[in-house]
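Enquirer: Shown below is the structure under consideration.
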Amino acid sequence: MALRYDTPSLMRWNARAYDSSFGYVSAHGAPLIELLDPRPGERILDLGCGTGVLTADIAARGTTVMGMDGSAAMIEVAISQHPGLDFMVGEGANFGVSIPYDAVFSNAALHWMGRDPDSVIRCVRSALTPGGRFVAEMGGAGNCAALTSAMLTAWREYGLPEPELPWYFPSPAEYAVRLERCGFTVRLLEYFDRPTPLDECPNGAADWVRVFAGSLLEGVPPATVEPLLRRVNELAAPALRRESGWVADYVRLRFAAVLA
Ligand code: BEZ
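The following block contains the structure:
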């Protein structure tokens with residue numbers, strides 16, 4: 000088992016809470032693995048592997064997989080839950096590999112690497128063999144629009160500075176251009192709504208904010224956090240609360256590209 004510590008992540012995750020409450024993030028990864036079509040003996044890099052659930056599924060296809068994530072907390076959990084697999088801490092916009100991979104796979108992670116998306120794509124390119132595949136799914140333009148709109152309104156109503164949302168949700172056209180400029184041929188690009196039940200979120204949007212936007216709450220006075228999140232729920236409920244429960248307004252961008 001390999002563990003390497005690179006640049007520390009800016010996002011602090013509660014990895015176990017993420018795993019138990021937001022297992023759907025990995026559960027939705029199965030179709031993406033089918034698109035990746037991992038073949039026995041291939042070397043695959045799982046970029047933004049989180050707690051390693053999909054890394055293990057890819058390894059089970061007879062591949063050699065390396066799981067990489069910017070969060071040391073996620074990698075610690077991945078190592079403890081998947082002994083025998085290889086994981087390392089590394090930043091998507093700043094990593095290199097000594098032996099190239101046949102494919103780079105990434106589920107629900109590239110939208111956390113929006114500060115410099117071209118550097119991420121360049122790192123992926125340099126990690127691949129000629130003809131290597133880059134298969135990924137991320138939030139696309141308009142992802143979580145109702146959730147983020149409720150957040151921005153609530154922050155404003157409480158007189159808080161506008162939060163800088165830490166995600167990157169590109170349009171299909173924008174991301175395709177970035178991939179092509181970097182030498183990839185885009186073979187498949189899908190852009191679709193994927194309403195996502197927040198089954199594990201009894202407190203709806205407020206729970207989602209705590210896990211996925213926890214860093215934004217660090218700047219909020221402690222006494223304001225609860226009423227602020229209650230207000231996020233009030234504002235988001237008309238769009239996202241159904242009789243069956245809360246449903247997040249996810250929009251996905253899924254692609255398969257090959258290195259020319
Ligand atoms: C997503 O998977 O689309 C997502 C996750 C967390 C924050 C924002 C978006």
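The opening residue of the sequence shown carries number 0 in numbering that gives the first Met the number 0; numbering runs sequentially from there. Beta carbons are placed, not taken as given, at the ideal position from N, Cα and C, and that holds for glycine. Given the structure is predicted, the values throughout are model-derived calculations rather than measurements.
Assuming T54 is part of the alpha helix (DSSP H), what are its boundary residues?
Expert: V52 to A58
Enquirer: Quick one: does the C-beta of F183 sit closer than 7 Å to a heavy atom of the ligand BEZ?
Expert: no
Enquirer: Counting only runs of 4+ residues fully inside the region 122-172, write out the alpha helix (DSSP H) ranges in chain order.
Expert: 144-156
Enquirer: Within 10 angstroms of its Cβ, does S105 collect 16 or more other Cβ (buried), or is it exposed?
Expert: buried
Enquirer: Have a look at S8 and L258 and give me their C-alpha separation to the nearest angstrom.
Expert: Bear in mind that the predicted position of S8 carries a pLDDT of just 38, short of 50, making it too unreliable to give a figure here.
Enquirer: Any residue with its Cβ nearer than 6 Å to a heavy atom of the ligand BEZ should be included. What is that list in chain order?
Expert: Residue list for the ligand BEZ: A107, H110, G138, N142, C143, W166, F211 and Y249 (CB closer than 6 Å to any heavy atom, chain order).
Enquirer: In or out: Y167 buried (at least 16 other Cβ within 10 Å) or exposed?
Expert: buried
Enquirer: Going by C-alpha distance, which of L228, L197 and F254 is nearest S243?
Expert: L197
Enquirer: CA-CA distance, R230 and P221?
Expert: 15 Å
Enquirer: I think M67 touches L46, with their Cβ atoms under 8 Å apart; what is that distance to the nearest whole Å?
Expert: 6 Å
Enquirer: Under 8 Å by Cβ, that's how I've got G91 and M112 pegged, so tell me the actual separation to the nearest angstrom.
Expert: With a beta-carbon spacing of about 4 Å, G91 and M112 fall inside the 8 Å limit used to define contacts.
Enquirer: So D192 packs on V250, CB below 8 Å; how close in whole Å?
Expert: 6 Å
Enquirer: Given that a residue counts as buried once 16 or more other Cβ atoms are within 10 Å of its Cβ, and exposed if not, what is A59?
Expert: exposed
Enquirer: Using only the alpha-carbon positions, how far apart do T54 and S125 sit?
Expert: 21 Å
Enquirer: I need the straight-line Cα distance from I43 to P30, nearest angstrom please.
Expert: 17 Å
Enquirer: Locate the beta strand (DSSP E) running through T223, then write down its first and last residues.
Expert: Taken as a continuous stretch (DSSP letters only), T223 belongs to no beta strand (DSSP E), being part of the alpha helix (DSSP H) at P221 to L239.
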